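A.B. asks:
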Amino acid sequence: MRMTSIATMALAGAFLALPAAAQDAEAAQKFLKAENCTKCHSVDKTKKGPAYQKVAGKYKGKSDAEAKLETFLTTSPKVKLDDGSEEEHKVVKDKGAMHNFIKWVLAL
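Everything in the sequence shown is counted per UniProt numbering, starting at 1 for the first residue and increasing by one.
So, in structure tokens, the structure goes:
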């Protein structure tokens with residue numbers, strides 16, 4: 001009985017010892033799937049929308065980057081696609097997880 005308790009505590013401690021970035025990346029991946037972002041975006045390849053690495057580069061060093069991305073994800077702006085067409089970007093549902101996602105993108 002005591003051995004199980006020690007093993008459980010060790011496992012919990014190992015998870016908590018993971019770097020915050022590893023935990024944040026996992027949460028960002030869950031957000032991507034839940035919000036269906038991968039339909040149009042990829043981390044490193046342009047699809048219908050820009051790659052997240054390209055987004056990170058666009059906002060690198062800008063103090064208002066998080067605020068601009070938050071506004072973008074919550075207001076359904078029109079976006080111009082590579083083929084010249086335009087469409088409204090969908091508004092994200094999970095506003096709580098959105099902040100972690102934005103930080104994850106900007107860290108790429």
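Where is the CB? At the ideal position from N, CA and C, for every residue including glycine. On a predicted model such as this, the values are computed, not experimentally measured, just so you know.
Among all the DSSP beta bridges, which residues are the ones paired with residue 78?
C.D. replies: According to DSSP, which records beta bridges pairwise, residue 78 is partnered with 88.
A.B. asks: If I'm right that residue 87 touches residue 79 with Cβ under 8 Å, what's the distance once you round it to whole angstroms?
C.D. replies: Going by Cβ atoms, the distance from residue 87 to residue 79 rounds to 6 Å, so yes, they are a contact pair.
A.B. asks: For residue 105, count neighbouring C-beta atoms within 10 Å of its own C-beta (all shown protein chains included) and say buried if the count is 16 or more, exposed if not.
C.D. replies: So residue 105 counts as buried.
A.B. asks: Apart from the five residues just before and just after residue 66, which ones in its own chain have a Cβ nearer than 6 Å to its Cβ?
C.D. replies: Within the same chain, residue 66 has close Cβ partners 102.
A.B. asks: Please confirm whether residue 26 has its beta-carbon closer than 9 Å to some beta-carbon of chain B.
C.D. replies: This model lacks chain B altogether; it includes just one protein chain.
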